[in-house]
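Student: Each residue of the sequence shown is one higher than the one before, starting from 3 at the first, in my numbering.
Idealized CB from N, CA, C, for every residue including glycine.
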Amino acid sequence: MNNRRDIINVSIVFLVALLYVIFVNERIGTIIFIFILFGITIYLHFLLNRRFNEDKESSLGVILKRLDKSQRENEETYKRFLSLSKTLGSGVFMIDDEGKISFSNKDIENFFNKDFNNLDYNEIVYIKPLYKFVNKAYLTEQTQREQISYDDKVYDLTATPIFEQDMFSGSLILVHDITLLKTAEKFQKRFTADVSHELRTPLSAIKGFSEILNRDNLEKKDRKEFVTLIQQEADRMEIILKDLTTISKLDRLDYDLEYSNHNIKDVITESVTLLKAKMEEKELTFSGDVEDCTLTIDKVKMSQVIINIIKNAINYTDVGYIRVDGFKERDFYKILISDSGIGIPENKQDLIFKRFYRIDKARSRDTGGSGLGLSISKNVVLKHGGEISVESEINEGSVFMIKLPLKK
Ligand code: ADP
3 MNNRRDIINV SIVFLVALLY VIFVNERIGT IIFIFILFGI TIYLHFLLNR
53 RFNEDKESSL GVILKRLDKS QRENEETYKR FLSLSKTLGS GVFMIDDEGK
103 ISFSNKDIEN FFNKDFNNLD YNEIVYIKPL YKFVNKAYLT EQTQREQISY
153 DDKVYDLTAT PIFEQDMFSG SLILVHDITL LKTAEKFQKR FTADVSHELR
203 TPLSAIKGFS EILNRDNLEK KDRKEFVTLI QQEADRMEII LKDLTTISKL
253 DRLDYDLEYS NHNIKDVITE SVTLLKAKME EKELTFSGDV EDCTLTIDKV
303 KMSQVIINII KNAINYTDVG YIRVDGFKER DFYKILISDS GIGIPENKQD
353 LIFKRFYRID KARSRDTGGS GLGLSISKNV VLKHGGEISV ESEINEGSVF
403 MIKLPLKK
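(1) Note down, in chain order, each residue of its chain lying with its Cβ closer than 6 Å to the Cβ of residue 290, except the 5 sequence neighbours on either side.
(2) By the three-class DSSP mapping on this structure, what secondary structure does residue 241 have?
(3) Tell me whether residue 372 sits in a helix, a strand or coil according to DSSP, three-state version.
(4) Starting from the N-terminal side, write out each stretch of the beta strand (DSSP E) that is 3 residues or longer and does not extend beyond the region 251-331.
(5) Checking the sheet assignment: what are the DSSP bridge partners for residue 80?
(6) Is the beta carbon of residue 211 closer than 8 Å to that of residue 242?
(7) Span of the beta strand (DSSP E) holding residue 155?
(8) What does a CB cutoff of less than 6 Å around residue 420 pick up in its chain, not counting 5 residues either side in sequence?
(9) Would you please state the rounded distance, in angstroms, between the beta carbons of residue 44 and residue 15? I believe it to be under 8 Å.
(10) Is it buried or exposed for residue 370, if we count other Cβ within 10 angstroms and need 16 for buried?
(11) Would you say the beta carbon of residue 364 comes nearer than 7 Å to a heavy atom of the ligand ADP?
(12) Going by CA-CA distance only, name the one from 153, 288, 163, 155 that's closest to residue 147.
(13) Can we say the region 172-183 touches the region 200-216, given the rule of at least three CB pairs closer than 8 Å?
(14) Rounded to whole angstroms, what is the Cα-Cα separation between residue 3 and residue 53?
(15) Are there any heavy atoms of the ligand ADP lying less than 7 Å away from the beta-carbon of residue 273, as far as the coordinates show?
(16) Report the three-state DSSP secondary structure of residue 206 (helix, strand or coil).
(17) Given this structure, state the Cα-to-Cα distance separating residue 111 from residue 105, to the nearest angstrom.
(18) To the nearest angstrom, how far is it from the Cα of residue 271 to the Cα of residue 335?
(19) Between which two residues does the beta strand (DSSP E) holding residue 408 run?
(20) Any idea what DSSP makes of residue 40, helix, strand or coil?
(21) Could you pull out every residue in the same chain whose Cβ sits closer than 8 Å to the Cβ of residue 193, ignoring the five residues on either side in sequence?
(22) Taking 7 Å as the cut-off, does the CB of residue 360 come closer than this to any heavy atom belonging to the ligand ADP?
(23) Could you check the C-alpha separation between residue 91 and residue 263 for me, to the nearest Å?
(24) Rounded to whole angstroms, how far is the Cβ of residue 204 from the Cβ of residue 238, which I believe are closer than 8 Å?
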């Protein structure tokens, strides 16, 4: 715009001088005209030079600005990628087209006890399964997915190739720790197998007895006996299914116990009263000393725990006594259920809290147990923020202790 105005101005001056020379036609005029012409040439030269420099500066400025912007954008993207890789909860690393690890996050270092940054991927050869996977991803330049085991952990690996203008420029490798998932899967499988095994036993018994019942030559007395046996097995199945329902409810993450305030002495006394007849039947003496205390508990579930442990005490004691004590100790209320029964070997004292674990399968069957009672009890006590444990000596007896927090 400015350029054009300058050129018009200069042209007007030049035209006036030219007219002057043509119409006045004298020597001085011609000399003046030549000077003007000379001046105009120099002026135009400087003018154009200045404009050119200005243009050059401004376009250089634009380029620099653009460069600066794209650098800032790159830094921003990198920062975002870094923070994403930190909060991802999974490992991520990148290898470039020359096989160098150009980026690796903290999780990778935690998983494999090594900072992978700036290493050549051949340097992780000692992490055999990971190296094999990376090598395959790098050589094939293709997406890969695999699960590997390393150092007692299971990892899920995904490699995604990166291409720049159709040229392979590296691979992005994601590493998820799926150990917990795998353990849960294994646990679930074993549990399902255990459940079907536990149900199969009474079911086959029922099938066998009913086949015998079908025989024509069976005496009335025997017939009655088999019907009773079938009823017993059906009852056992019912107990197992009931306990399984309780377990599956307690296992649900969103399952909440129904807490309210209760005097624990009343809860214990009610539970003992329910089992008094059973103790008398086996001629076991009962004693106990239970302190009053208001606790925030799920009364139904806690009663089930106390009943279950006293029931066990009765079932596994042939002579002697059952004792129940309850008292406050520091921040806890302790319930002790003691018996003079068969006792539990030291190496089995942790195992009895596991699902379906019984020391003497036949004895547990005779008492109608599902093998799930203590595992349910432990689950309920833990949910109350408490602890459950046992001290026992073979042929001397056992003491089960439930510790419940005074404040919830
Ligand atoms: P069960 O239905 O078999 O009683 P539990 O989970 O209640 O299942 O108990 C698991 C196992 O722990 C029992 O089978 C038994 O071997 C052992 N056990 C539990 N309580 C006692 C006890 N008071 N004395 C001896 N053994 C016990």
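Tutor: Quick answer:
(1) Taking the sequence shown and counting its residues from 1, one reaches residue 290 at position 288. If you ignore the 5 residues before and after residue 290, its C-beta comes within less than 6 Å of the C-beta of 325, 326, 327, all in its own chain and listed in chain order.
(2) Taking the first residue of the sequence shown as 1, we reach residue 241 at position 239. Three-state DSSP puts residue 241 in a helix.
(3) Residue numbering aside, residue 372 sits at position 370 when the sequence shown is read from its first letter. DSSP places residue 372 in coil when its eight states are reduced to three.
(4) Runs of the beta strand (DSSP E) inside the region 251-331: 262-265, 287-292, 296-299, 323-331.
(5) For this step, residue 80 is matched to residue 78 along the sequence shown. Answer by DSSP bridge pairing: none, since residue 80 is not bridged.
(6) Reading the sequence shown from its first residue, position 240 is the one you call residue 242. Reading the sequence shown from its first residue, position 209 is the one you call residue 211. Taking C-beta atoms as the reference points, residue 242 and residue 211 fail to come closer than 8 Å.
(7) As a working note, residue 155 is residue 153 in the sequence shown. For residue 155, the uninterrupted beta strand (DSSP E) run begins and ends at 155-166, by DSSP.
(8) The chain is shown from 3 up to 410; residue 420 falls before or after that span and cannot be answered.
(9) Looking up residue 44 in the sequence shown gives position 42. Looking up residue 15 in the sequence shown gives position 13. The distance from the Cβ of residue 44 to that of residue 15 is about 13 Å, inconsistent with a contact at the 8 Å cut-off.
(10) Here residue 370 refers to the residue found at position 368 when the sequence shown is read from its first residue. Counting Cβ neighbours within 10 Å, residue 370 comes out exposed, since fewer than 16 surround it.
(11) As a working mapping, residue 364 is identified with position 362 in the sequence shown. Incorrect: residue 364 has no Cβ contact closer than 7 Å to the ligand ADP.
(12) One-based indexing of the sequence shown puts residue 147 at position 145. Residue 163 is the option with its Cα nearest to residue 147.
(13) Judged by Cβ distances under 8 Å, the region 172-183 makes no contact with the region 200-216, as fewer than three pairs qualify.
(14) As a position in the sequence shown, residue 3 is number 1, starting the count at 1. As a position in the sequence shown, residue 53 is number 51, starting the count at 1. Any reading at residue 3 must be qualified, since the residue scores a pLDDT of 48, below 50, and its modelled position is unreliable; the value itself is stated next. If you take the alpha carbons of residue 3 and residue 53, they lie about 11 Å apart.
(15) Against the sequence shown, residue 273 aligns to sequence position 271. No, Cβ of residue 273 sits at least 7 Å from all heavy atoms of the ligand ADP.
(16) One-based indexing of the sequence shown puts residue 206 at position 204. Residue state, collapsed to three classes: helix.
(17) Reading the sequence shown from its first residue, position 109 is the one you call residue 111. Reading the sequence shown from its first residue, position 103 is the one you call residue 105. The alpha-carbon separation between residue 111 and residue 105 amounts to approximately 12 Å.
(18) In the sequence shown, the residue the question calls residue 271 occupies position 269. In the sequence shown, the residue the question calls residue 335 occupies position 333. About 15 Å.
(19) For this step, residue 408 is matched to residue 406 along the sequence shown. If you look at residue 408, you'll find it isn't in any beta strand (DSSP E); DSSP assigns it neither H nor E.
(20) The sequence position of residue 40 within the sequence shown is 38, counting from 1. Helix, per DSSP.
(21) Indexing the sequence shown from 1 puts residue 193 at position 191. Counting only Cβ-Cβ distances below 8 Å, and skipping sequence neighbours, we find 357.
(22) One-based indexing of the sequence shown puts residue 360 at position 358. Yes, the ligand ADP has a heavy atom inside 7 Å of this Cβ.
(23) One-based indexing of the sequence shown puts residue 91 at position 89. One-based indexing of the sequence shown puts residue 263 at position 261. A straight line joining the alpha-carbon of residue 91 with that of residue 263 spans about 40 Å.
(24) Locating residue 204 in the sequence shown gives position 202, where the first residue counts as 1. Locating residue 238 in the sequence shown gives position 236, where the first residue counts as 1. The Cβ separation is near 5 Å, so the contact holds.
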